[in-house]
Amino acid sequence: MIELAHIFKAYGTHRALNDLSLKIGEKETVCLIGKMGSGKSTLLKCLAGLVQPDSGEIIFKNGKRPRMGMIFQHFNLFPHMDVLHNLTLAPMKVLGLSAKEAEQTAMEQLESVGLASKCRMFPHELSEGQQQRLAIARSLVMKPEVLLLDEPLSALDPMAVGEVTDVLRKLKKEMTLVMNTHKLDIAAELADKVVFLDRGHVCEEGSAEQVLVSPCNEATRRFLSYMKDLYYTIESAHFDRPELNARIEQYCNRFGLGSQAYRFVQLAVEESLNIVPLDNGVHVKLSKAEHE
5 MIELAHIFKA YGTHRALNDL SLKIGEKETV CLIGKMGSGK STLLKCLAGL
55 VQPDSGEIIF KNGKRPRMGM IFQHFNLFPH MDVLHNLTLA PMKVLGLSAK
105 EAEQTAMEQL ESVGLASKCR MFPHELSEGQ QQRLAIARSL VMKPEVLLLD
155 EPLSALDPMA VGEVTDVLRK LKKEMTLVMN THKLDIAAEL ADKVVFLDRG
205 HVCEEGSAEQ VLVSPCNEAT RRFLSYMKDL YYTIESAHFD RPELNARIEQ
255 YCNRFGLGSQ AYRFVQLAVE ESLNIVPLDN GVHVKLSKAE HE
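When we follow our numbering, the leftmost residue of the sequence shown carries the number 5, and every step to the right adds one.
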């Protein structure tokens, strides 16, 4: 359905995409993984037409770009409009639907994401999970064939992650999904294909089992180890405690753990460091058990 061939894109001296080639099949769910700065978001923006590659080619089936919707990490809802009017504006302005037609389409999509009863509320009155579901519904009213999702789960608490994931389970049966995510458990469940990007290049691709369980590439193995574990080196008793706490919080968020879990882990690390000498250096390692 879509083929990216030898795509290059640079921002100044930083090469965001570096000879990237990838094929995306019709109604295939593709999850992009990799460290920050590896090119995942730039790839999605190139697909959406928001960013033009410096060179290379994006080839579409029959030579025609499919209808695409894009979901951003921070929702980008219209705060001054209620839920219903967040969904009706684009169909009326872009698709030329009447107000009645747009409202009917909007209510159908709100029903599909479980928000029909919230149609007269404003975005600030919704939870984060509801706001993300609203953002998805707003894309769906434009009837996309391909839905691009840039870290749709990263800012959400565990309950909200479950709500949005449930919507994605339904959508993967209906359209092509290309999603950038750090939540490897979600990628393992949803993806038909997992693509590991490293320095703007496709380093490894395959099924979730191939890439996440039995990767062939050493860079992929290092990344998966990095995602599973947290490493922090303390060189003296005067180390940067706020930095360590921030790293612990980020690590807990990676697995969708809530604030209570973060505080428990942070306290456990703090108590452990209080009983060991720090002046000779200490290496801290946190690991999450596979079954927990």
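Note that CB positions come from ideal geometry on N, CA and C, so glycine has one too.
Express the C-alpha separation of residue j and residue i in angstroms, rounding to a whole number.
{"i": "Leu-144", "j": "Gly-73", "result": "7 Å"}
{"i": "Gly-38", "j": "Lys-104", "result": "44 Å"}
{"i": "Leu-21", "j": "Lys-176", "result": "26 Å"}
{"i": "Ile-62", "j": "Gly-53", "result": "10 Å"}
{"i": "Lys-27", "j": "Glu-7", "result": "4 Å"}
{"i": "Glu-193", "j": "Gly-67", "result": "32 Å"}
{"i": "Met-297", "j": "Phe-64", "result": "Any answer about residue 297 is impossible in this case: the structure gives the chain only from 5 up to 296."}
{"i": "Leu-114", "j": "Gln-214", "result": "36 Å"}
{"i": "Pro-127", "j": "Phe-79", "result": "10 Å"}
{"i": "Leu-119", "j": "Phe-259", "result": "26 Å"}
{"i": "Lys-147", "j": "Leu-261", "result": "34 Å"}
{"i": "Thr-33", "j": "Pro-70", "result": "15 Å"}
Is it true that the CB of residue j sits closer than 8 Å to the CB of residue i?
{"i": "Val-182", "j": "Leu-51", "result": "yes"}
{"i": "Ile-140", "j": "Ile-75", "result": "yes"}
{"i": "Asp-233", "j": "Lys-197", "result": "no"}
{"i": "Arg-142", "j": "Leu-88", "result": "no"}
{"i": "Glu-155", "j": "Asn-184", "result": "yes"}
{"i": "Leu-36", "j": "Lys-49", "result": "no"}
{"i": "Glu-112", "j": "Thr-92", "result": "no"}
{"i": "Cys-2", "j": "Ala-265", "result": "No information on residue 2 is available, as it lies outside the stretch 5 to 296 that the chain covers here."}
Determine the closest residue to residue i out of the options, with distance taken between C-alpha atoms.
{"i": "Gly-116", "options": "Ala-191, Val-165, Met-85 and Asp-170", "result": "A quick correction: the sequence has Ser, not Gly, at residue 116. Of Ala-191, Val-165, Met-85 and Asp-170, the residue nearest in Cα terms is Asp-170."}
{"i": "Gly-41", "options": "Arg-245, Gly-60, His-205 and Glu-107", "result": "His-205"}
{"i": "Glu-178", "options": "Ala-159, Lys-187 and Leu-151", "result": "Leu-151"}
{"i": "Val-280", "options": "Ala-293, Leu-261, Glu-239 and Val-168", "result": "Glu-239"}
{"i": "Leu-277", "options": "Arg-203, Tyr-266, Ala-159 and Thr-237", "result": "Thr-237"}
{"i": "Asp-86", "options": "Leu-248, Glu-129, Ser-218 and Phe-12", "result": "Glu-129"}
{"i": "Leu-172", "options": "Ile-11, Leu-153 and Ser-158", "result": "Leu-153"}
I need the boundaries of the beta strand (DSSP E) containing residue i, first residue and last residue.
{"i": "Leu-101", "result": "No beta strand (DSSP E) holds Leu-101; DSSP gives it neither H nor E."}
{"i": "Met-72", "result": "72 to 75"}
{"i": "Phe-64", "result": "59 to 64"}
{"i": "Ser-158", "result": "Note, Ser-158: premise wrong, no beta strand (DSSP E); not H, not E."}
{"i": "Glu-149", "result": "Run containing Glu-149: none; DSSP gives neither H nor E here."}
Is there at least one Cβ from chain C nearer than 8 Å to residue i's Cβ?
{"i": "Arg-226", "result": "Among the chains of the structure shown, chain C does not appear; only one protein chain is present."}
Under the three-state reduction of DSSP, which class applies to residue i: helix, strand or coil?
{"i": "Cys-50", "result": "helix"}
{"i": "Glu-209", "result": "strand"}
{"i": "Cys-123", "result": "coil"}
{"i": "Ser-218", "result": "coil"}
{"i": "Phe-82", "result": "coil"}
{"i": "His-10", "result": "strand"}
Start and end of the alpha helix (DSSP H) containing residue i?
{"i": "Val-273", "result": "263 to 278"}
{"i": "Arg-19", "result": "Unbroken run through Arg-19 is the beta strand (DSSP E), 18 to 28; no alpha helix (DSSP H)."}
{"i": "Met-183", "result": "Note, Met-183: premise wrong, no alpha helix (DSSP H); beta strand (DSSP E) at 180 to 184."}
{"i": "Ser-291", "result": "Unbroken run through Ser-291 is the beta strand (DSSP E), 286 to 291; no alpha helix (DSSP H)."}
{"i": "Leu-138", "result": "132 to 144"}
{"i": "Leu-194", "result": "188 to 194"}
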